Each structure stands twice: as C-alpha cells, then as structure tokens.
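J.:
Number of protein chains: 2
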Amino acid sequence: MARSWATLGVDLHLEPAGSGGLRRGLTDALRDAVRTGRLAPGTRLPSSRSLAADLGIARNTVAETYAGLVAEGWLTARQGSGTQVAMRVPSASSASSAQRGRAGAPPSGPGLAAPRRREPGRPAHSLVPGIPDLAAFPRAEWLKAARRALATAPFHALGYGDPRGYLELRTALAGYLARARGVHADPETVVITAGFSHGLGILGRVLRGRGVRTVAVESYGLDAYRRLLQDAGLATPALPYDELGTNPMELGDAGAVLLTPAHQFPMGVPLHPDRRAAVVDWARRTGGLVLEDDYDGEFRYDRQPVGALQGLDPDRVVYFGTASKSLAPGLRLGWMVLPPSLAEEVASAKGRIDTVGVMEQLTLAEFITSGAYDRHVRSARLRYRRRRDALTAAVTERAPEVRVTGIAAGLHAVLRLPPGTEQPVVQAAVWQGLALHGLSFYRHPQSGAEPQDALVVGYGTPPDSAWAGTLEALCRVLP
Amino acid sequence: MARSWATLGVDLHLEPAGSGGLRRGLTDALRDAVRTGRLAPGTRLPSSRSLAADLGIARNTVAETYAGLVAEGWLTARQGSGTQVAMRVPSASSASSAQRGRAGAPPSGPGLAAPRRREPGRPAHSLVPGIPDLAAFPRAEWLKAARRALATAPFHALGYGDPRGYLELRTALAGYLARARGVHADPETVVITAGFSHGLGILGRVLRGRGVRTVAVESYGLDAYRRLLQDAGLATPALPYDELGTNPMELGDAGAVLLTPAHQFPMGVPLHPDRRAAVVDWARRTGGLVLEDDYDGEFRYDRQPVGALQGLDPDRVVYFGTASKSLAPGLRLGWMVLPPSLAEEVASAKGRIDTVGVMEQLTLAEFITSGAYDRHVRSARLRYRRRRDALTAAVTERAPEVRVTGIAAGLHAVLRLPPGTEQPVVQAAVWQGLALHGLSFYRHPQSGAEPQDALVVGYGTPPDSAWAGTLEALCRVLP
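So the sequences go chain by chain: S and Z. Mapping of the first sequence onto our numbering: residues 1 to 479, in sequence order. Mapping of the second sequence onto our numbering: residues 1001 to 1479, in sequence order.
1) Would you check if there are 3 or more beta carbon pairs closer than 8 Å linking the stretch 1341-1360 of chain Z to the stretch 1218-1236 of chain Z?
2) So which residues on chain S does Z/Y1373 lean against when the C-beta distance must stay under 7 Å?
3) Under 8 Å between beta-carbons, which chain Z residues line up against S/T470? List them in chain order, please.
4) Here's the rule I'm using: 16 or more other beta-carbon atoms within 10 Å means buried, otherwise exposed. How should S/Q446 be labelled?
5) Report the residues of the stretch 321-340 of chain S with a CB closer than 9 Å to any CB of chain Z, ordered along the chain.
6) Using a Cβ cut-off of 9 Å (strictly closer), state whether Z/A1172 contacts chain S.
7) Are the beta-carbon atoms of S/V257 and S/L239 separated by less than 9 Å?
8) Determine the closest residue to S/L200 out of S/L244, S/W142, S/V290, with distance taken between C-alpha atoms.
9) Does Z/G1297 pass the burial test, meaning 16 or more other C-beta atoms within 10 Å, or should it be called exposed?
10) With burial defined as no fewer than 16 other Cβ atoms inside 10 Å of the residue's Cβ, what is the status of Z/G1252: buried or exposed?
11) How many Å lie between S/P451 and S/R300 at the Cα?
12) Less than 9 Å separating the beta-carbons of S/P46 and S/G433?
13) Assuming contact is defined by CB atoms lying nearer than 9 Å, are Z/A1174 and Z/P1187 in contact in what I supplied?
14) Compare the C-beta of Z/A1135 with all C-beta atoms of chain S and state if any pair is closer than 9 Å.
15) Do we get a CB-CB distance below 9 Å when we pair Z/G1121 with the residues of chain S?
16) With respect to the beta strand (DSSP E) encompassing Z/R1078, which residues constitute its N-terminal and C-terminal limits?
17) Short check: CB of Z/L1331 to CB of S/M359, under 9 Å?
18) Check whether the Cβ of Z/R1210 lies closer than 9 Å to any Cβ atom in chain S.
19) Could you tell me if Z/S1324 is buried or exposed, where buried requires 16 or more neighbouring beta carbons within 10 angstroms of its beta carbon?
20) Could you check the C-alpha separation between Z/L1361 and Z/E1064 for me, to the nearest Å?
21) What residue ranges within the stretch 1161-1212 of chain Z form continuous alpha helix (DSSP H) runs of no fewer than 4 residues, ordered along the chain?
22) Which residues of chain Z have a Cβ atom closer than 8 Å to the Cβ of S/G376, listed in chain order?
23) Please list the residues of the stretch 1146-1173 of chain Z that have a C-beta atom closer than 9 Å to any C-beta atom in chain S, keeping them in chain order.
24) With DSSP as the reference, please indicate the residues paired to Z/G1334 in a beta bridge.
25) Does the beta carbon of S/R59 come closer than 9 Å to any beta carbon on chain Z?
26) Could you name the residues of chain Z that S/I192 contacts, counting a contact when the two beta carbons are closer than 9 Å?
27) Does the stretch 155-171 of chain S come close enough to the stretch 1132-1140 of chain Z that 3 or more CB-CB pairs lie under 8 Å?
28) List the residues that DSSP assigns as beta-bridge partners of S/Q84.
29) If I measure Cβ to Cβ from Z/Y1176 and keep anything under 6 Å in the same chain, skipping five residues before and after, which residues do I get?
30) Run down chain Z in chain order and give the residues with a C-beta less than 8 Å from the C-beta of S/A52.
31) Just verifying my parser: in three-state terms, what is the DSSP assignment at S/E292?
32) Using a C-beta cutoff of 9 Å, does S/G195 count as contacting chain Z?
33) By Cβ distance below 7 Å, which residues in the same chain neighbour Z/L1169 in space, the five residues on each side in sequence not counted?
34) Give me the Cα-Cα distance between Z/W1467 and S/L411, rounded to the nearest whole angstrom.
35) Just the C-alpha distance for Z/H1376 and Z/E1292, rounded to the nearest angstrom, thanks.
36) Scan the stretch 1291-1314 of chain Z for residues whose Cβ lies nearer than 9 Å to a Cβ of chain S and list them as they occur along the chain.
See the structure below:
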C-alpha cells in the first residue's frame, strides 16, 4: 500500500518497500516534487528527525535520502540553515531515469476538502477548513445502526432504487430538518445525493436546461463550486461583500444565487436578517431561485442556530445539507430539499436509478430515527466549542495583533491579520509542516471586495490527540 | 410510509393509512392507473384475495375498493370472468377530484433493473432479468466485513477521497480480477464507480471529449445504456447479430464498441473466439476502444468461465465489472479497469473527489480479501445453477414447443417461442401477475436482425421462497 504525506503542503507519494525500498521511494518523490516545481527553489525541508517521525520511518532513511539528493544537486545543506531545495536544480533530462508516470500530474487544485488526486495523506498538522475531526467519527454507533437497519430492511431495498433516494432516509431527514433547521420538508421533495457537489452539479444542469445563464455567488467561497456551475454552462459573477455580509441587492439578471446564509463560508457570519428578506423578495419578484448551502448549520455555540432560509419560502429556495461536516465526508451523503415544481426534474437529472448506495442510506436513516445523530451532533458541538474557546484564548494571549472573528458557529474561524502578513504567515506555516489556508484562497477572482489579510482556520480538522500540538504550531507562525 | 406493488406489471403507489386510509389510497391508485392508461381497458384484475395477500391488507378492503370502483364505472365485474377494467371509463373530468400530482407521470421506462420513479415494489412474481436474488444477500457476512474494515481503517480514510476510489479496494479488485477473470489490472488503473451506468456515462463523456462521435453497440442490449451514450453526444448504431453472436466486422468509423463478450446480454452466448480476436484487431488497427461489460462473468456453470477480453489487450479494452449481480445493485459499486493512457482522464472526469461512499468500499475490500466474496459467489453459483436446471426441466416437460437457450452462464435464459407468440405470452403473464420481458424489449430499434419471438427469463430474480411459484406461473403462460 502506498503512503503519502503533506508536511510541506504538497503531497509526495511513497511507494511500498516492495517496489524498491522506502529510501528509493522517498528519493523519487522528492526529486519529482523539485523537478515539477511543487517544491520551489529555496524551500526549507523539515529536519530529518521530524520528517522521519511524520512518515513513521527510520531517521537514517531520511538522512540518507537527503544526502543523496544533495549529492545529485537537487538539495543544498548548509550549517545552521538546514536542508533546502537548491536554487538551480539539475536539468530535466538528468532526472528522466527517475521520472514516474504520475510525476507530471498537476498539483492538487484548491477546494473545501483540499481533495487530492492520490490517496489522502496525513499532514503533520492541518487546519485546512471543511473537514470535521475524522478520528471522532462514531464508528461503534454507526455499525450498530448499520446492523439494526440491515436486520429489518426488506430485501427489495437492496435492488435498484428510486433516484430520489431511499424513502426511509428521506422521511427521517424531512423530520430532522423540520425540527433542527426549520426546513419545510416533505419526503417527496427530498433528493439524496453523494454530497453537496453532486447536488450542485445536478441542479446546475437542470437550471441551465431551463434557460438560466447566470448563478450569482458570494465574494468569498469555494472555487470548486464556481467551477461546477461553470461546467454546467453558467456564469458565476460575485455579489458584493460588506460589513453586513454578502449583499444580494445587485443580482442583475441572475436566475439563481448560491448562498451560505446560516454561516457564510468562509467569513463565518450569518446573513443579515434584512438581506435574508431581500433575497427571498428578489426570488419571488423575478422567479429566481436561492440555493442555500447549509453545510454546518448544526454547529452553533452561543445561541440558537439561525434557521434555514428555506423556511421563508420553500417554493423559491433549494436547501442543501450534508453529512460531510456532521459525520464524515467519506460517507458521501448529502440531501436537497426542493421546491415541488423542481423535485421530479432534479430526480430525473440525477438518473433513472439511485446512484447513492443504499447501505449508507439505510444506516443514516436508522442513525437519525434512533436519536444517535442528535447525540453525536450534541457531543461534537461541545468538543468543537471547547476548541474554539482554546483557539480564541491562545491567539488573544500569544498574538494580540490578530483578531479572531466568525466564531459563533461552525468548525472554522477567521483570524484577521495585520496588513501584508497573510502570505508570509501561510508560507511560514508550510515550512513548519502546518497546512493552512489564507483568506485569499477563497476570494472570488472578480470580487470587488477589498482584499483583507486573514487566515481561515479549520479548528475542527485535527484529531483530538493532535489538537494541542496543532494549536501550538499555529501560534508559532502568527505575527 | 408508502407501499407500492406491481402485481399487474404496473406500479400502483399506496399512501399510508394516515392520509385517508388504505381503501382510499388503493381506490385512488387504481383509478389513476385506469385513467392514465397504465391499466388498459379489458385488463383482468387479480382476485381480491390474491391482491390482499400481495399487499398484506385485509381482503375486505380490496373487495370494497373493487365494489366502489365498479359503482363509479371504472371497473366491471362479471360472474366467471372476475373484475376487469371497464372498456369505456368515465371522462377525465369526473376523476379530477381524485387526481394526484404524480398520476400523470410517465410509466417506468425500460431498463435492466426496470427502475421505477417510485420506491421499488414487490411484484407478485418477477422474472425480469438483471437482478440477483436479493433475499440471498449475505447480510451477516457483509456486516462482519464492515465491522472488521471499520475497526482497522485509518481515520483519514473517512475524509474526501481519491476520485479513483479507495486504494485498498482497488488493490483487492486488481488481485481478484486477475485471478478470477484474467484481467490485467493494476490498482493505479482501476476506477471505482457507483455501478456500470455511472462508469459508462463517464467514459462516454471522455470519449466525446476526445473527438469520438460513434460508439457501436450490439443488436440486443439495454436501451438505458444506449441513451447514456447518446446523452454524451454519441451515436449508437447497431452491430449485426447472427448465429455466431454479435458480428463486430462492420464497425465503420466507430471510435469504440460496447460489448458483453463473456455472456451476451440478453442472448446469453459468449462472443465467438474469431470475433474476440477480430474486435481486438480492429481496435489496434484503428486506435478504437472496446468497452467490455462483464456484468455476470462469475456465473458460468458447465465449464471454466470465458476470460475477460481485456486480457487480450489491456491497452485497447476498458473492462467494466459490478457488484450488482454478484451481490446487490443497492450497493452501487462497480469498477473500471482502464488502459493506462485513459486512467487519469477518466478519474478526473469522475470528479475532483471520490463520489462513491467509502464505507461500502472499505467493506467490499475486506469482503474480497477475507475470501467471503469467493465463498458467496460459489454458493450463489450453485443455487442459480439448480434454478437453471429446474427451469430447463420444467419448460422441456410442460412446453415442448419452447426451446431454452443461453443457459451456459449468468442469471437468465432465453426461451425461444413459436412465431407470433411473444406478445400474447407477455400479455398473459402480466394478467397472471408475473413480470416478464420479451426479447423485443431488448432489440435495438435500428437492428437489422430478424425479429425473433422469445422471452428473457431472469431466473435469478425471485427469492428462494417464491421460486417454485414463479416457475409454475411461467409454465402456465407458455404456449
């Protein structure tokens, strides 16, 4: 089995010992990363001790690898400044014998999940937002629900299913969403998806098929989602962003608007009540549609959650939810609650049969109806809240110039930095083996909003065991 | 929860008692079915006793429903001929108060799985091919594998995954396919999908993106697959079919060809060795691609399975496999083994993250490596073989004019009928509450092949408990 790591903010892929030994694998991976520019000239490499610890291999293996690459001219080693990528690396031809089929692959694109083209690796530390603490996934409870669900499911549930998804799950979700998020849901208008991206892609195609040409998006958000809409043939202009959050007044001739009303991603503020009302008014007036991405609506700490916008007008709002933040992205489970006029069309666009596995659906239905989902969300909320408080306290104490914002909800905070410091801080973090995203990573390229220096800190991401170390690593790089 | 049934070969959807009672629900459903033509004038309805048994409701409820609809003029009841749909039904306006939102939905389209827009129902009897015996799904073994897999999976496996699929599963499949099907597979070139349709759709888009305009298909096959390719912008002309099976000599300017080489679906014969060689020659000569749909390659009864065509030229054949026949369609798990030159592109076309749930992938990987998959396939093969033998014996004895063909492998047989009898037999089956497909259902509309009267009998479909009754129902309608 292959191993990969991301200590330097790039993924290097290590082959098993069988195909030439760990040293050979590490040598090839590092050489390719330098050759393709994924490790830029001058980049400081982690010490052999810390890289060896990250990879769980002998320190000598790393030291020998470094020495070999220094000898080949890829790296330089100087007393006091450690090992760095050489400023002038050998020509590509001299590396050709070491070239691997995948070395030329482009580096991972940006995205909520920092998705990788390779098996996901474990960074030494990561505060990239969008992933819950995967080590806290309730494995035993999930298996218990799977066992109960499979014990009682009729055999025909295992056949080709309704493209809207398994009825038991749609029913369980309709009840849960009404209770927890104020969503007007009927099992008939719920469509189960393999996560938010799957649903957004389907809806984009349906809207384009109905003649929509433009879906407005927020000034801050995920490039991956803009691209999904663009792939469906839709333009994705940016809405203005100001101190009240996203301003949906300038929707122009957009046929729909994609928003994160409960908790703007990544800025972390709820949509102002006036603007909630305004966007629904716009939709009613123009026949437009609001796409509500409620990615982490369950996690609000200081007062009652902001209810779903969908509750204001179920005929003009498509509600999107997901198990990716409340449970785990690997489940690949999301849901849409659709206006009745769209439900059939979206189900047909999903396919002629269900494309989402029924086992997960059966299990989640049981997980919800048994109360395990509520229990898990409650306990996760408590844990994340403690982390948020620890983050706020540590930053306030150790980096008084940094302001912690957007902390009322969710699994991430926005750390406002002194002007001009975002890029150096992110760079310093990379050198420390801490994966971290700056706010500029999430800025719409055509946004008119004033660029601001900030970090988007996903404090939900590390496992509990790594949390203290990760927070310490963060504090070390803050100005 | 809604209930549905398909005793008459049409799905009637029953609402829960809460929304007006079972009698009301059944009345509405039957009235809508008559009004929309799904139940044709003259159709004989099942006796109130047998319909009540199918639905698990009181016989009186059905009897009262029938009586009410007779009174309204939708049905007629005559001594000796039971209850029938009236030859002239009330005008639509008189039914408007009973109209339901979904009553106007088109009837289910054809397809391997007879997919339904509603929750799948249980026909009284079904011999529709393409579904294994779902009652024999190894639930306990599957849960055991899930428990073991989840106990040992690293937590990062639950994050956003590699779009090619989980590495452990790709590795397990590469080993299994090499051993069981003679496939040349490397985990790097395996892509996990949510079943064959998912993979075919992706590949169609990739081929179209590469400039392919035509993918030739077989004279007999599934309309759903042709449509998937057409949706990707590809033409799907039919290849000739003769006594040696599909004839791939006339590929013209096709850029690819979709075949079922191990077991033609639905005709049930393997592709002739000369033609296997010829199609690979064609691919090499023209740079074309062969898409090998190996949907039930595991189930061969009388001698060694026919190896995968992919083994002849892994650079020119895309191999497609699925767990839908060997385990259950509801798992939504399939796999492609791709020529190295296509693997990256297909993975990218699948998405930037994995869209298939990791729990199923972890579980199937464990199921294969622990040997449970082989054990299950062996035991299923034995069971299906017994059914095949029983089918052959019963038809030979009770319908000597009918010839049983295509029985060396798979989960279905082709019953050749006397000329002109296919439609009447299928019609008679519907009246008996037996879901059954004629061969014409699978015939390419532009096929030049001489139409033949035959039935495609999916003897794998019924649960064991219903098998004897289903076989008896079949024999009753044979000429």
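Glycine included, each C-beta is placed from N, C-alpha and C at the ideal position. In this text, all values refer to a predicted model and were calculated from it rather than measured experimentally.
T.: Put simply:
1) no
2) In chain order: nothing, as chain S lies at least about 16 Å away.
3) Correct list: empty, because the minimum Cβ distance to chain Z is about 15 Å.
4) exposed
5) S324, L327, A328, P329, G330, L331, R332, L333, P340
6) no
7) yes
8) S/V290
9) buried
10) exposed
11) 27 Å
12) yes
13) yes
14) yes
15) Note on Z/G1121: pLDDT 39, under 50, position unreliable in the model; the coordinate value appears next. Yes, because at least one Cβ of chain S sits closer than 9 Å to the Cβ of Z/G1121.
16) 1075-1078
17) yes
18) no
19) buried
20) First, the residue type needs correcting, since residue 1361 of chain Z is Gln and not Leu in the sequence shown. Each residue's Cα considered, the two are about 49 Å apart.
21) 1167-1181, 1196-1209
22) Looking at the sequence shown, residue 376 of chain S is not Gly but His. Ordered by position in chain Z, no residue passes the 8 Å Cβ test against S/H376, which lies about 14 Å from the chain.
23) A1146, R1147, L1150, A1151, A1153, P1154, F1155, H1156, A1157, L1158, G1159, Y1160, G1161, D1162, P1163, R1164, Y1166, L1167, E1168, T1171
24) Z/T1193, Z/T1322
25) no
26) Result: empty, since nearest Cβ-Cβ is about 11 Å, beyond 9 Å.
27) yes
28) S/R44, S/T76
29) I1368
30) Correct list: empty, because the minimum Cβ distance to chain Z is about 19 Å.
31) strand
32) yes
33) I1192, Q1361, L1364, A1365
34) 53 Å
35) 24 Å
36) none
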